[in-house]
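Throughout the sequence shown, residue numbering follows full-length UniProt numbering, covering 1 to 307 in sequence.
Glycine residues also receive a C-beta, built at the ideal position from the N, C-alpha and C atoms.
In this text, all values refer to a predicted model and were calculated from it rather than measured experimentally.
For reference, the structure is listed below as structure tokens.
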Amino acid sequence: IIEAPDPEFGWEPYYGVFSGRDRATVLRGPTTLRGSIPDIRLQSGLTTFLLNHVLRPVAGTDELVDPFTLYVAYRDTGGSVQLGRYFLGGKVNRATVQAAEGQELRLGIDEMLFLSMQTTRASNDTFDAADPASDPGASATGRYLFASGTVTIAGVTFDRVRRFSLSVDNQLEPRHYIQRDATTGLLHPNDLIEGRRVWRLEVDVDIVNPASGGDLELWDFLINQGAVGGGQGNQLATAGGQIVLAFDQAGSGAGTSTLTLTCGSAGTTTRPAGVLTSAPHSIPAPPAGVVTVSASFDIDQVTIATT
């Protein structure tokens, strides 16, 4: 499903000195092209888009979001393309990578912004792009399943993770400079400027026995806020910790690559990595015996790798 970035026009009513109660005219303000692709099955071929347009900078040092062009084709009942729409200069503003028990890895483009749009017909397509491929449907190759993943928090692997959601907000800001199209008067953005990037990670995990094993490590991490060394409560400086999400390809005919998302740097007390912002956990009455923790982390950086 694609929510096409249809134009939104910022009409501004204008009232002159002698216009009375009704507006004298209306001025066309900035034009916004905003859309989303809420549910993408993240298979091996899509990791390139995830890598270059969502999670990391293009050249590794400029920290800019890689732009792209979105081509949407409308077909008639016979399957022929009759109307094409090109959305140019697109950048991903907000996106989410997530997985839950019993599902596969998903990518959601929560918001994408574009500079301009061109509409063409089948007999007059000046861009001459190849026809978009149809949805191939479910595939057994290159899939990243929740059941084939591992989650490591501060160096400890946890086997009872039920859900995770990693989101990024590039805080894009459309810029409209003093310039207009003299022919149409459309005030499309001149540029999309990246702001401060914000990462958020949410993990749902069950604690069964906080007296031993990985559950004890997680309990200590929650109570001490990732503090360095011993001590009680949150009395020591917080270093946070890395959260590593690794998924193996699964399914008949699947490859052998592993997709790894490393959330947080190697934290120190002067520059904490993945730090907890909230981790509510209530101890239930018997006989439940399971404490479900919904932990939210503020992450300083994210890297992606396929091996």
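> Three or more beta-carbon pairs under 8 Å between the segment 295-304 and the segment 260-274, yes or no?
Replying inline: Yes, they touch.
> Roughly how many whole angstroms lie between the Cα atoms of ASP169 and GLY108?
Replying inline: Approximately 12 Å, taken between the alpha carbons.
>> Taking 7 Å as the threshold (C-beta atoms), are VAL203 and ALA273 in contact?
In response: Not in contact: ALA273 and VAL203 (Cβ atoms no closer than 7 Å).
>> DSSP three-state label for ASN52, please.
In response: When secondary structure is reduced to three states using DSSP, ASN52 falls in the helix class.
>> Tell me which residues share the same chain as THR150 and place their Cβ nearer than 7 Å to its Cβ, disregarding the 5 neighbours each side in the sequence.
In response: Excluding five sequence positions before and after THR150, the CB atoms of its chain that fall closer than 7 Å to its own CB belong to THR157 and ALA246, given in chain order.
>> On the DSSP letters alone, give me the boundaries of the beta strand (DSSP E) that VAL275 sits inside.
In response: It spans 275-278 - the beta strand (DSSP E) in which VAL275 sits, taken as one unbroken run.
> Under the rule that 16 or more other beta-carbon atoms within 10 Å means buried, what is SER36, buried or exposed?
Replying inline: The residue is buried, with at least 16 neighbouring Cβ atoms inside 10 Å.
>> Within 10 Å of its beta-carbon, does GLU111 have 16 or more other beta-carbons around it, so buried, or fewer, so exposed?
In response: GLU111 is classed as buried because its beta carbon has at least 16 other beta carbons within 10 Å across all chains shown.
> On the three-state DSSP scale, how would you describe THR268?
Replying inline: Shown here, THR268 sits in coil according to DSSP, grouped into three states, outside any helix or strand.
>> Suppose you measure from the CA of ASP76 to the CA of GLY84; what does that come to, to the nearest Å?
In response: The straight-line gap from Cα to Cα measures roughly 12 Å.
>> So the candidates are GLN171, ASN190, LEU172 and SER167; which of them puts its Cα closest to the Cα of ILE178?
In response: Comparing Cα-Cα distances from ILE178 to each of GLN171, ASN190, LEU172 and SER167, the minimum goes to ASN190.
>> Rounded to whole angstroms, what is the Cα-Cα separation between LEU50 and GLN43?
In response: Taking the straight line from one Cα to the other gives about 10 Å.
> Below 7 Å between beta carbons: does that hold for LYS91 and LEU27?
Replying inline: Taking C-beta atoms as the reference points, LYS91 and LEU27 fail to come closer than 7 Å.
> Beta-carbon separation of PHE114 and PRO5 under 7 Å?
Replying inline: Yes, the pair counts as a contact, with Cβ atoms nearer than the cut-off.
> If you drop the 5 nearest sequence neighbours on each side, which residues of the same chain put their C-beta closer than 8 Å to that of THR307?
Replying inline: Closer than 8 Å at the Cβ level, and outside the excluded window around THR307, lie SER257, THR258 and THR260.
>> Which residue marks the beginning of the beta strand (DSSP E) containing GLU12, and which one marks its end?
In response: Looking at the DSSP string, the run of the beta strand (DSSP E) that includes GLU12 is 7-14.
> So the beta strand (DSSP E) ARG196 belongs to, where does it begin and stop?
Replying inline: For ARG196, there is no enclosing beta strand (DSSP E), as DSSP marks it with neither H nor E.
> If you drop the 5 nearest sequence neighbours on each side, which residues of the same chain put their C-beta closer than 6 Å to that of SER116?
Replying inline: Taking SER116 as the centre and dropping the five residues before and after it, the same chain places the C-beta of LEU88 and HIS188 closer than 6 Å to its C-beta, in chain order.
>> Using only CA atoms, which one of LEU55, THR119, GLU101 and GLN98 lies nearest to GLN82?
In response: The residue with the shortest Cα to Cα distance from GLN82 is THR119.
> When the Cα atoms are used, what is the spatial distance from ILE283 to ALA73?
Replying inline: Distance between ILE283 and ALA73, taken at the CA atoms: about 53 Å.
>> Tell me the rounded alpha-carbon separation between GLN242 and ILE40.
In response: Looking at the two C-alpha atoms, the distance is approximately 26 Å.
> If you count every other CB in all the chains shown that lies within 10 Å of the CB of GLN171, and 16 or more means buried, which is it?
Replying inline: By the beta-carbon neighbour count (other beta carbons within 10 angstroms, threshold 16), GLN171 is exposed.
> Looking only at its own chain, which residues have a Cβ that is under 7 Å from the Cβ of TYR15, when we skip the five neighbours before and after it?
Replying inline: Excluding residues within five positions, the ones whose Cβ falls inside 7 Å are ARG23 and ALA24.
> Can you tell which of PHE18, ASN93, ARG21 and GLU63 has the C-alpha that lies nearest to the C-alpha of LEU33?
Replying inline: Ranking PHE18, ASN93, ARG21 and GLU63 by CA distance to the CA of LEU33 puts ASN93 first.
>> Measuring straight from C-alpha to C-alpha, what distance separates GLY10 and GLU173?
In response: Their backbone Cα atoms lie some 16 Å apart in a straight line.
>> Can you give me the C-alpha to C-alpha distance between PHE297 and VAL198, rounded to a whole angstrom?
In response: In a straight line, the C-alpha of PHE297 is about 11 Å away from that of VAL198.
> Which same chain residues, not among the five before or five after LEU166, have their C-beta less than 6 Å away from its C-beta?
Replying inline: The answer, listed in chain order, is VAL97 and LEU201.
>> Less than 7 Å between C-beta atoms, sequence neighbours within five positions excluded: which residues of the same chain meet that for PHE68?
In response: HIS53 and GLY90.
>> According to DSSP, simplified to helix, strand and coil, what is THR47?
In response: Looking at THR47 - three-state DSSP - the assignment turns out to be helix.
> Is the beta carbon of LEU145 less than 7 Å from the beta carbon of GLU101?
Replying inline: Between LEU145 and GLU101, the C-beta gap is not smaller than 7 Å, which leaves the two residues out of contact.
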